[in-house]
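Student: Quick one: the structure is below, and I'll ask about it shortly.
Residue numbers (mature numbering (1 follows the signal peptide of the UniProt record, and there is no 0)): -17 to -1, 1 to 247.
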């Protein structure tokens, strides 16, 4: 009897549990369905909003996309972008190798070019000056060799005295390329035992360089000799060296050193 009562109780409990579980499942399904409907509603835009939006105007990007998809447009762009063919530069002209040049031919060409040059016109001031300067330099070099004077020193002295001008005349009466006074030229002519005309470039150079050499012997050195040459030995003894005469000495020696480095 007790067993039967216990069994009936268990059956009643089981039936009650089944009913409760079914009710819970139904409530869960209803909740799940409601949640799904809410999500779908959120994802789907309201139809009224879509209707109210204005139509979007086409942009430049849309035009590019349309053109890119249009075969005719692509073909026109390809035709426009096709590069033009490069011009033919032609066959380069190369100079003959230096090793293949004929030295004799070069000499003949140089001689032919020299033959086309004419002698300077002595009536033209510019051409006469150019020709005269060449003769003056040669005269100074010849006199320097005869007077045992370094040619670079002789040329430097002439440059600072007259700029190689054989017609130069100073306020003190000195003349020619080495600015020699007539009485100094006469004294040097007696010293050298030969006539000298200070207006003639070669004689002027002989007289001037002979006088410079005498000053070197008297003063014992080139620096003081150049001061005496420019200032005059009498004025140097009486007044001492003038600043401009000392500067002259410095400039002449600097030009001499410069000419030592030049292939003149």
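Don't be surprised by glycine CBs; every beta carbon is placed ideally from N, CA and C.
Values in this document were obtained by computation on a predicted structure and should not be read as measured data.
If we ignore side chains and look at the alpha-carbon of each, how far apart do residue 219 and residue 205 end up?
Tutor: 15 Å
Student: Closest to residue 159 by CA distance: which of 149, 110, 201 is it?
Tutor: 149
Student: Taking 8 Å as the cut-off, decide whether the C-beta atoms of residue 214 and residue 228 are in contact.
Tutor: yes
Student: Which of the three DSSP states is assigned to residue 160 in this structure?
Tutor: coil
Student: May I ask you to report which of helix, strand or coil DSSP gives residue 152?
Tutor: strand
Student: Taking only the alpha-carbon atoms, compute the straight-line gap between residue 181 and residue 244 and give it to the nearest angstrom.
Tutor: Each residue's Cα considered, the two are about 30 Å apart.
Student: Taking the C-alpha atoms as reference points, what is the distance between residue 222 and residue 207?
Tutor: 14 Å
Student: Drop a sphere of 10 angstroms on the beta-carbon of residue 232, count the other beta-carbons inside from all chains shown, and report buried for 16 or more, exposed for fewer.
Tutor: buried
Student: Between the C-alpha atoms of residue 225 and residue 102, what's the straight-line distance to the nearest angstrom?
Tutor: For the pair residue 225 and residue 102, the Cα-to-Cα distance works out to about 45 Å.
Student: Below 8 Å on the Cβ atoms is my guess for residue 122 versus residue 188; work out the distance and round it to an integer in Å.
Tutor: Their Cβ separation, rounded to whole angstroms, is 5 Å, which keeps residue 122 and residue 188 in contact under 8 Å.
Student: So, with DSSP's three-state summary, where would you put residue 176?
Tutor: coil
Student: I need the boundaries of the alpha helix (DSSP H) containing residue 239, first residue and last residue.
Tutor: Element bounds for residue 239: 226 to 242.
Student: Count the other CB atoms within 10 Å of the CB of residue 156; is the residue buried (16 or more) or exposed (fewer)?
Tutor: exposed
Student: Per DSSP, what kind of secondary structure is residue 4 in: helix, strand or coil?
Tutor: Confidence at residue 4 is low in this model, with a pLDDT of 44, below 50, so its placement is unreliable and the value that follows should be read with caution. In the structure shown, residue 4 sits in a helix (DSSP, three-state: H, G or I).
Student: Label residue 109 either buried or exposed according to how many other C-beta atoms from any shown protein chain fall within 10 Å of its C-beta, with 16 as the threshold for buried.
Tutor: An exposed status is given to residue 109, since fewer than 16 other beta-carbon atoms sit within 10 Å of its beta-carbon.
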